[in-house]
Amino acid sequence: MSREEDIYEEHVLDHYEDPFHRGDLPTATHAHEGDNPLCGDVIHVDLKIDDDGRVQEAWFDGEGCVISQASASMLMEKIEGLSLAEIKQFSADEMLQLFGPRLTPNRQKCCLLSWRVVQSALHAPVEGGQNDDRDGSSQFGGPSLKEES
Amino acid sequence: MTATQTTLLPVDTIRRDFPILTQKSASGMPLVYLDNAASTQHPQVVIDAISDCYRNYYSNVHRGIHTMSEASTHAYEKSRETVADFLNAASLREVIFTAGATAAINTVARSWGDANITSNDTILLTIAEHHANIVPWQQLAARVGCKIVFLPVADDGTISDDVVIAHLEKHRPKLFAFVAISNVLGTEFPVQRWTQLAHDAGAVVLVDAAQAAPHLPLDVQLWNADFVVFSGHKVCGPSGIGVLYGKESLLDAMPPFLGGGAMIHRVTTDGFEPAELPEKFEAGTPPITEAIGLAAAIKYVRAIGLEKIHAHEKQLVRRAAELLSEIEGVTMLGPLPEQRSGILSFVVQDVHAHDVSQWLDTRGIAVRAGHHCAMPLHKRFGVSATSRASFYFYNTIEEVDVFAVAVREVREKFARTGRKRTR
């Protein structure tokens, strides 16, 4: 089996088809949404952060490729119960490790979308309106799909 | 092989001219290269022409007195003759080497556009344009305040003459800039007819021939378009070079775009006098080996025959469309095979285009996934991304069959089976 096929290993497809906490969280204290206009991947994250600065609940919704959606599911599962400091320390490299299969630079971007949205959500308390970075104000600085420029 | 085997071209022989096509893909499978609308591969004669220049006579052009500069200049200008002949341009002065089709359109927008378009004017485009034929006009609109109107495309990927006529009459555009063949839909638009209609309505015409010049016989005098652009890397030539064809009277009246060396006749501390055509639009050291490589590519492609290439690709795309139509959940964009060049974009239900492309890659098949630099067109069809197979003369019917099998596998691979995450 080639490396590319490994990307779609069982663990990944399981998360894609049976995601952890996919949906809205009406009691969210923090929320953010981001997309990758080049792929059309969209991830919305709702977090409920308690007074001690710990994530009680993490939910996501969105659409896109297997990598973007499965990695979001894995990340929601991972960050529930973590403190803000722990999440802030959770690096992009650790996100790629959490996902598992090795990804080419272009697909790393899909995997890191939810990670980027979570990092922004920590600074985006819900105050009546939702936050949104689709205007491109906080574009991901990782490897890009140059071919699409 | 079956009766569907194309017999128009000796493809097995042709493929031996392309070193890259003999390689195995990263997955270990034979390479099936179906990303030709993005960029084509290079025959040995093109590689050799570039190599020969670098090894034996490379120097800057139009500058030195020494022997090698003369040799490079001669080869560079011979390349211009090859391109002029390829396009059937009336004069060598009408053939400008640019960095690509994108740079060519930008040159027209910045030079002709700034000098001729005002806030009272309208530019007519189609919704099927590549970003290269949208953004330069949006930038022009931001500078001068002109209006941009997009011709709608029908569900079948075509635009009727009636729609074109109605828009020309209603908006009276000063420029009608359109793609000869859509890089997503594969639709072959009637360039000659639309150009006539536009001229009758008083519009100047720019044709984006990036997907046309490599695939069918082209005659700019027959088209009668005012500007025609294409890129070298889509016709087996190098990247970094493209061509701006323009009618001499228009180019002559246009101010230079990029300023610098080579585009001047004389420079003083008070100002400059621009050079004559075509140097007026070729500031700086031009793409020398790229021009030489492009000329070799054009000669190679013409020797195979553009009419045969076109017919061969239509056979491949017809076969591909037939096979994909048999796969449940696969939707194809674009017109019937009669109006379609060798480009086939499709969507697999519930599977993202990147996953389609990634899976096909495991089968050695290279296709493009994404919006193909045509976001407005994707929006019009209500999809964020498609997968695209695009053919060239070196592709075979067998490759089309391998491709269709892999697309069928995608459905099975990503179908929902009630699997559960480990808890």
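Here the protein sequences line up with chains A and B, keeping their order. Position 7 of the first sequence, counting from 1, maps to 7 under our numbering, and the rest follow consecutively. Offset between the second sequence (1-based) and our numbering: plus 1000. Beta carbons are placed, not taken as given, at the ideal position from N, Cα and C, and that holds for glycine.
Between H44 of chain A and chain B, the shortest Cβ-Cβ separation is not below 8 Å. The C-alpha of A1213 of chain B lies about 7 Å from the C-alpha of V1235 of chain B. Put simply, the backbone Cα of F1086 of chain B is about 36 Å away from that of K1379 of chain B.
Ranked by Cα distance from P1255 of chain B, the options B:G1271, B:R1368, B:S1111 are led by B:S1111.
In the structure shown, I1134 of chain B adopts coil according to DSSP, grouped into three states. A residue is called buried when at least 16 other Cβ atoms come within 10 angstroms of its Cβ; I1020 of chain B does not meet this threshold and is exposed. T1268 of chain B is bridged by DSSP to B:G1271. Any Cβ of chain B closer than 8 Å to the Cβ of H15 of chain A would place that residue at the interface, and such an atom is present.
In the structure shown, M1254 of chain B falls within a coil segment according to DSSP collapsed to helix, strand and coil.
Between E80 of chain A and A58 of chain A, the C-beta gap is smaller than 8 Å, which places the two residues in contact.
Under the three-state reduction of DSSP output, E1129 of chain B falls in the coil class, being neither helix nor strand. Your pair F1346 of chain B and T1386 of chain B checks out as a contact, with CB atoms roughly 6 Å apart and the cut at 8 Å. By the C-beta density criterion, D1226 of chain B is buried, having at least 16 other C-beta atoms within 10 angstroms. From the beta-carbon of S1384 of chain B, the residues of chain A found nearer than 7 Å are G40. Distance from the CA atom of N1120 of chain B to the CA atom of E1070 of chain B, rounded to whole angstroms, is 48 Å.
Under the three-state reduction of DSSP, A1225 of chain B is assigned to coil, being neither helix nor strand. For S1357 of chain B, there is no enclosing beta strand (DSSP E); the residue is found in the alpha helix (DSSP H) stretching over 1353–1362. Distances from the CA of D1200 of chain B to each of B:V1164, B:E1188, B:V1135 were compared; the closest alpha carbon is that of B:V1164. Under DSSP, W59 of chain A shares a beta bridge with A:D46.
Judged by beta-carbon spacing, A1209 of chain B lies beyond the 8 Å limit of V1184 of chain B, meaning their Cβ atoms are not closer than that value. Distance from E17 of chain A to R1419 of chain B at the Cβ level is roughly 5 Å; contact confirmed, criterion being Cβ atoms closer than 8 Å. Using a 10 angstroms sphere on the CB of L1206 of chain B, the tally of other CB atoms reaches 16 or more, which defines it as buried.
In terms of Cβ geometry, M76 of chain A and F20 of chain A form a close pair [threshold 8 Å].
Closest in alpha carbon position to V1046 of chain B, among B:A1296, B:A1198, B:G1240, is B:A1296. The three-state reading of DSSP puts F1086 of chain B in helix, counting H, G and I together. Shown here for M74 of chain A: same chain residues with a beta carbon closer than 7 Å to its own, the five before and five after excluded, namely H15, L98, F99 in chain order. Closer than 8 Å to the CB of H1074 of chain B there is not a single CB belonging to chain A.
With its beta carbon at least 8 Å from every one in chain A, F1403 of chain B lies outside the interface.
Residue state for P1030 of chain B is assigned as strand, using DSSP reduced to three classes. Here T1158 of chain B really is in contact with Q1339 of chain B; their C-beta atoms are around 6 Å apart, less than 8 Å. R1411 of chain B and V1402 of chain B have their C-alpha atoms some 15 Å from each other.
Listed in chain order, the non-local C-beta contacts of Q1192 of chain B below 8 Å within the same chain comprise L1222, W1223, N1224, local neighbours out to five positions each way being set aside.
Annotated as distal: H1066 of chain B and C1373 of chain B, with beta-carbon spacing of 8 Å or more.
One finds H1354 in chain B with Cβ atoms closer than 8 Å to the Cβ of C110 of chain A, taken in chain order. Under DSSP, the beta-bridge partners assigned to D35 of chain A are A:V42. CA-CA distance, I1288 of chain B to R1368 of chain B, rounds to 30 Å.
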